[in-house]
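What follows is a single structure, written as C-alpha cells, with notes after it.
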Amino acid sequence: MKVPFLDLSLQHRALREPALAALTATYDANRFCLGKDVEDFERNFGAALGYPRVLGMNSGTAPLHVACMVAGLKPGDEVITTPFTFISSAWGISYTGARPVFADIEEGTFNLDPARLESALTPRTKAIIVVHLFGQPARMDEIMDFAVRHNLFVIEDCAQAVGAKYRGTPVGLLGDAGTFSFYPTKNLGGCGEGGAFTSRREEIQSQARQIRVHGSDRRYYHDIIGGNFRMDGFQGALLNVKLPFLAAWTARRQAIAARYRAGIKLADLRLPAQPDYGQSVYHQFTLLHPRRDALREHLAKHEVGSDLIYPVPLHLQQCYAGLNYGEGSFPVAERAGRTCLSLPIFPELTDAQVDQVIATVNSF
Ligand SMILES: Cc1ncc(COP(=O)(O)O)c(C=O)c1O
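So that you can map any letter, position 118 of the sequence shown is 151 in my numbering, and since no number is skipped, the others follow by simple counting.
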C-alpha cells in the first residue's frame, strides 16, 4: 500500500460542493479584497480558537513583516530567532533592515532553547521571533521572562501551530503579536495564499490594521508607512468553509501521532518531545535518526512518503552568508538538519496507512 507524504486532494474532493458554492457567492458579489467573507472569517477564527481580534492577510509571511514594522525595527536593530525554521520566520527582520541573530534550539521540541537567549543578547536587541515549529509550542514562560527583563517585543510565528495552546493560552496571545499562515499545506489551508495577525494588545492590532491597507484608516490618507497585506475574498470564503473542521482534523493529527509513538520501535530513533506545558497540533511528525538518508531511502523503496523539514538551518543559507555564521555555530540545529525526517501526518490518513508507515520504519 502506497502512503503519500501529503495528499490535499482528499480534503478538497470532500469539500468540493460547499467550497465551490462559497467561492461562487463571493464571485457573484464581487467581494475580492477584504470584505464580508474576510470579516466573517476573522470573527469565526477568533471565536473558534480564542483570539479577541484577528486580521486576515495575504500570506503567513505578511503578518511577520507587519509585526516587524509594528515593532518599529530599523537598520542597526537585532532580533533573536531560531535557525531551525522555514526561512520566512526571518524575512520580516531583513525586510525592515534589522539583523537576525540566531540562538540554538532544544533537540526534543525543535524550538528556541531559552538557555541560549542570553548569549545572543546585545544592547541592539529589540525583539524575539519565537516559532512554534511543527505545531509544538515553545517554552513561553522562560522566553517571556527573558523578554520582559530586557524589554523586547515578542512575535510568535504560529504558522504551523494553529489551535495549539501554551498552558491553556492560545499561541500568539502570549507575546506582543501572533502570526498565522493558511498556505494550502498548513493545518488550516486555503486555496492559495493566506495568513492572519493577532495581538492581545489593542494598540498593536490597530497599527497592524492600518499597515495592512497602505498605512491608511481613511481612503487616500496615509498616516504611517504601510503596504498591501490584505486577504482576498476567495480565501476568506474558502477558510470559512474549512474552519468548522479544524478541531476534528487536529484531533486526528494527534491520534496519528499517538499511534506513531505507540508503534515505532527503532534503535537510535528519537521521537518528538512531549513537554507538559502544551500539546502539539502536529503540523509535522518529525523524528531524528543518525542514518536519516538511508532510512528515507528504505521508506521510499516501500512507497512510504517522507520529507526533510528542514535540511539547511537559516544561518547556513546563502542569503544569510553576510551574517558570518559558519558550520558549528548552532550544533543542535545543524544536527537536526542532518538527522530530521518527517513522516506522513494529515487527517485523511487511514489507520492502515499509519500502521504501514510504522511497520516500514520498524523494518529498517
Ligand atoms: C514557520 C513558518 N513561518 C512562516 C511561514 C510563511 O507562510 P507563507 O508561506 O504563508 O507566507 C511558513 C509557511 O510557509 C512557516 O512554516
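Think of the CB as a built atom: it goes at the ideal place given N, C-alpha and C, for glycine as much as any other residue.
- Query: Got a sec? Which residues, its chain only, sit under 6 Å from L1 by beta carbon, not counting five neighbours each side?
  - Reply: Given that the chain is displayed from residue 34 to residue 397, the structure contains no residue 1 and the question cannot be resolved.
Identify the continuous beta strand (DSSP E) that holds A81 and give its terminal residues. Run containing A81: none in the beta strand (DSSP E); it sits in the alpha helix (DSSP H), K69 to L82.
Review point. Exposed or buried, M102, counting other C-beta atoms within 10 Å across all chains shown (16 or more means buried)?
Key: buried
(Q) Once the 5 residues before and after D388 are set aside, which same chain residues still bring their CB inside 8 Å of it? (A) Excluding sequence neighbours, D388 sits near R292 and G296.
**Q.** Bridge partners - P116, DSSP secondary structure assignment
**A.** DSSP, once it has assigned bridges, lists no residue as partnering P116.
Does DSSP classify I297 as helix, strand or coil? coil
Does the distance from the C-beta atom of A131 to that of P108 stay below 8 Å?
-> yes
Practice prompt. Return yes when at least one heavy atom of ligand 1 lies under 7 Å from the C-beta of Q193, else no.
Written response: Q193 Cβ: within cutoff of ligand 1.
Which runs of the alpha helix (DSSP H) at least 4 residues long sit entirely within the stretch 249 to 321? Give them in chain order. Counting only runs of 4+ residues, the alpha helix (DSSP H) found wholly inside the stretch 249 to 321 occupies 266 to 275 and 279 to 296, in chain order.
- prompt: beta strand (DSSP E) containing I161: first to last residue?
  reply: T158 to V164
Exercise. So, using beta-carbon positions, are T218 and V164 closer together than 8 Å?
Worked result: Against a cut-off of 8 Å, the Cβ pair of V164 and T218 comes out as no contact.
Requested in this report: Note the first and the last residue of the continuous alpha helix (DSSP H) segment covering R182.
Outcome: M173 to R182
Please state the DSSP three-state secondary structure of G130. coil
* Asked: Is V36 buried or exposed, if buried means 16 or more other CB atoms sit within 10 Å of its CB?
  -> buried
Taking DSSP as the reference, what is the three-state secondary structure of P7? The displayed coordinates of the chain run from 34 to 397. Any statement about residue 7 would go beyond what the structure contains.
(request) Using alpha carbons as the reference points, say which of A148, A197 and G201 lies closest to I176. (result) A148
If you count every other CB in all the chains shown that lies within 10 Å of the CB of E336, and 16 or more means buried, which is it?
-> exposed
Classify C66 as helix, strand or coil using the three-state DSSP reduction.
strand
Any contact between the stretch 268 to 281 and the stretch 72 to 83? By contact I mean 3 or more CB pairs, one from each, below 8 Å.
yes
Q | beta strand (DSSP E) segments (min. 3 residues) lying fully within the stretch 196 to 242 | A | 210 to 214 and 228 to 231
Q. Does the Cβ of V164 lie closer than 7 Å to at least one heavy atom of ligand 1?
A. Yes, Cβ of V164 sits closer than 7 Å to a heavy atom of ligand 1.
**Report entry** Distance between beta carbons of G311 and P203, contact taken as under 8 Å
**Finding:** Actually they do not touch by this definition, with Cβ atoms about 10 Å apart.
Any beta carbon of chain D sitting closer than 8 Å to that of D388?
Of the protein chains in this structure there is only one, and it is not chain D.
7 Å Cβ shell around G338 - same chain, five flanking residues per side excluded
So the qualifying residues of the chain are V36, P37, F38 and P377.
Near V390, which residues of its chain fall below 7 Å by C-beta distance, leaving aside the five closest residues on each side in sequence?
V36, V337, L376 and P377
Check: Would S152 be called buried (16 or more neighbouring beta carbons within 10 Å of its own) or exposed?
Finding: exposed
Q. Could you check where the alpha helix (DSSP H) with L56 kicks off and where it finishes?
A. R49 to D61
### Query
Cβ of G89 within 7 Å of any heavy atom in ligand 1?
No; taking the cut-off as 7 Å, the Cβ of G89 has no heavy atom of ligand 1 nearer than that.
Checklist entry - Closer than 7 Å: is that where the CB of D265 sits relative to any heavy atom of ligand 1? => result no
*the stretch 136 to 144 in contact with the stretch 363 to 370 per 3-pair CB rule at 8 Å*: yes
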